[in-house]
Amino acid sequence: MPQQTTQAVPPGPGPSALPVSEPRDTNSVTDAPFLRAARGEPAGVTPVWFMRQAGRYMAEYRAIREHHTLLEICARPQLAAEVTLQPVEHIGVDAAILFADILLPLVPLGLSLEFTAGEGPALHNPIRTAADVAALRPVDAETDLGHVLEAVRLVRRELAGRVPLIGFAGAPFTVASYAIEGGSSRHFVETKRMMYGAPEVWHALLGKLSTVLADYLAGQIRAGAQAVQLFDSWVGTLAPDDYRAYVLPHTRAIFDRLRPLGVPMTHFGVGTSGLLELQREAGGDVIGLDWTIPLDAGWARVPDRAVQGNLDPIALFAPLPELKRRVHDVLARAAGRPGHIFNLGHGIVPETPVDHVRAVVEMVHEATAGGTT
Ligand code: CP3
């Protein structure tokens, strides 16, 4: 069902092969429910994890954030590893996701990144012109983003095979939107101004980004990430024709580069009900489904892939019986078919009650243990 069979060890020799001395397979958890489902295989139980599962809704995360900024946590492998493990230990999820941020690769490219309290990310020298694109520095993921790769190695060691580790990057469109706008955006005016008005500059920028992001993800896989997710969070702002012309080739280049490395890849976006077939065409063994489309209707649009989703993140604020009804509705629509990873349609928000997050893990496991999924 996924695009290809996944192997625990990338087929070598070649640039993707690990040094033979590296004991990569000792805790590879190849049969973990998350990896089985991502490959479209029966998993025994429906795996569940949450986007933004390490974050401010958890007291343990807030305790670390009292003493360190977000960028400090990302820059220090020991802290990043500790935070990555928090939801595995306190929530009981079936996968860990590396603690990092999709904007980190913009720093070695030459952008000045800051997270301001309450206002989110700020990039102080946004990319607007051909000269800005030409001035982007070459990036060597192994050295320039070595702290992230070191966090991957540490997490793998500390997980000791409990659950698989997901690496991730932002997709070229979503990362470009931050780089061009200089931060979060509502209407993506500068992004679309460049796309429509200076397509050669746009394609030069997305070409550079897709190379850096693919190198970075390949580095994460070599460091031990057992799956990867590409976050194209804001791509739902595009009309299908624009997606095809301005985004699809660049996103596809990343999936094509990584496919030989043999780990399952997830392609995620929000507001994507107009784009699912095109996202599938761009690539990904697993397609993310947000909550604006029923899971079964979304899956029917990408029938040869696994799917991940699709509970509304704000459903976690509902009283437990209502939350349970919604969890069971998603599971009923998956109908025991192999290849469903339970998740939210987007990330957990900071005010979310942590006991409801834990309850969802229990609900999914209880309802599906011993089943055919
Ligand atoms: O637990 C995990 O999911 C792993 C960690 C993770 C973070 N960011 C840490 C983070 C992941 C996977 C991301 C991805 C990310 N970052 C995305 C794509 C996912 C999505 O939600 O769409 C995007 C768009 C970003 C950019 C970003 N980072 C924004 C817009 C913000 C500010 C908004 C906010 O929630 O405050 C961030 C900050 C950020 N990245 C936080 C975390 C835990 C919260 C900040 C904090 O602790 O101060």
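Residues in the sequence shown are numbered consecutively from 888, following my numbering. Here a beta-carbon is modelled for each residue, glycine too, at the ideal position from N, C-alpha and C. All figures in this text were calculated on a predicted structure; none of them were measured in a lab.
### Query
What does Asp-1119 pair with, by DSSP beta-bridge criteria?
Paired residue(s): Gly-1156.
### Query
If Ile-984 and Phe-921 are in contact, beta carbons under 8 Å, what's the gap, nearest whole angstrom?
Their Cβ separation, rounded to whole angstroms, is 11 Å, which puts Ile-984 and Phe-921 out of contact at 8 Å.
### Query
What are the start and end residues of the beta strand (DSSP E) that includes Thr-1003?
Residues 1000-1003.
### Extent of the continuous alpha helix (DSSP H) to which Pro-995 belongs
993-996
### Nearest candidate by alpha-carbon position, reference Asn-1012, set Ala-982, Leu-1135 and Gly-1070
Gly-1070
### Message
Could you check whether the segment 1058-1066 touches the segment 1094-1111, counting it as contact only if at least three pairs of C-beta atoms, one from each stretch, sit closer than 8 Å?
### Response
yes
### Query
Helix, strand or coil: how does DSSP classify Gly-942 here?
coil
### Task
Just mark Trp-1076 as buried or exposed, buried being the case when its beta carbon has 16 or more other beta carbons within 10 Å.
The amino acid occupying residue 1076 in the given sequence is Val; Trp does not appear at that position. Exposed, because fewer than 16 other Cβ atoms sit within 10 Å of the Cβ of Val-1076.
#### Entry: Span of the beta strand (DSSP E) around Pro-1008
Its beta strand (DSSP E) spans residues 1007-1010.
#### Entry: Residue range of the beta strand (DSSP E) that includes Gln-1195
1193-1198
### Task
Figure out for me which residue from Val-1042, Ala-930 and Ala-1246 has the closest Cα to the Cα of Pro-1208.
Ala-1246
### Message
Could you check whether the Cβ of Arg-1245 sits closer than 6 Å to any heavy atom belonging to ligand 1?
### Response
Every heavy atom of ligand 1 is 6 Å or more from the Cβ of Arg-1245, so no.
### Message
Following a CB-centred definition, is Ala-982 positioned closer than 6 Å to any heavy atom of ligand 1?
### Response
Within the chosen limit of 6 Å, ligand 1 does not reach the beta carbon of Ala-982 with any heavy atom.
### Query
How many angstroms separate the CA atom of Arg-911 from the CA atom of Val-935?
Any reading at Arg-911 must be qualified, since the residue scores a pLDDT of 48, below 50, and its modelled position is unreliable; the value itself is stated next. Spanning the two alpha carbons is a distance of roughly 24 Å.
### Task
Assign Tyr-1083 to one of two classes, buried (16 or more other C-beta atoms within 10 Å of its C-beta) or exposed (fewer than that).
exposed
### Query
Can you check whether the CB of Leu-1036 is closer than 7 Å to the CB of Ala-1110?
yes
### Straight-line Cα distance separating Gly-1234 from Gly-1007
The alpha-carbon atoms of Gly-1007 and Gly-1234 are separated by roughly 15 Å.
### Task
Please state if the CB of Gln-973 and the CB of Ala-1022 are separated by a distance shorter than 7 Å.
no
### Query
What does Ala-983 pair with, by DSSP beta-bridge criteria?
DSSP output for Ala-983 lists Leu-1052 as bridge partner(s).
### Element boundaries [beta strand (DSSP E), containing Ile-1174]
1173-1176
### Bridge partner(s) assigned by DSSP for Val-1251
BP columns for Val-1251 are empty, so no partner.
### Pro-1200: CB within 6 Å of a non-hydrogen atom of ligand 1
no
### Query
To the nearest whole angstrom, what separates the beta carbons of Thr-1153 and Gln-1116, a pair I think is in contact under 8 Å?
4 Å
#### Entry: Straight-line Cα distance separating Val-1150 from Ala-930
A straight-line Cα-Cα distance of about 17 Å links Ala-930 and Val-1150.
### Query
Less than 6 Å between the CB of Asp-988 and some heavy atom of ligand 1, yes or no?
yes
#### Entry: The beta strand (DSSP E) enclosing Ile-1228, as first and last residue numbers
1227-1231
### Task
Output the distance between the C-alpha atoms of Ala-1018 and Ser-999, rounded to the nearest integer angstrom.
17 Å
### Query
For Asp-1242, does the three-state DSSP call read helix, strand or coil?
In this structure, Asp-1242 counts as helix in the three-state DSSP scheme.
#### Entry: Cα-Cα separation between Met-1250 and Leu-1203, rounded to whole angstroms
13 Å
### Query
Can you tell which of Ala-1222, Gly-1223, Leu-1218 and Arg-1224 has its C-alpha closest to the C-alpha of Leu-1231?
Taking the Cα of Leu-1231 as reference, the smallest distance to any Cα among Ala-1222, Gly-1223, Leu-1218 and Arg-1224 is reached at Leu-1218.
### Query
Which partner residues does Val-935 have in the DSSP bridge list?
Phe-1229
### Message
Given 6 Å as the limit, tell me if Gly-1234 has its C-beta closer than that to any heavy atom belonging to ligand 1.
### Response
True, at least one ligand heavy atom lies under 6 Å from that Cβ.
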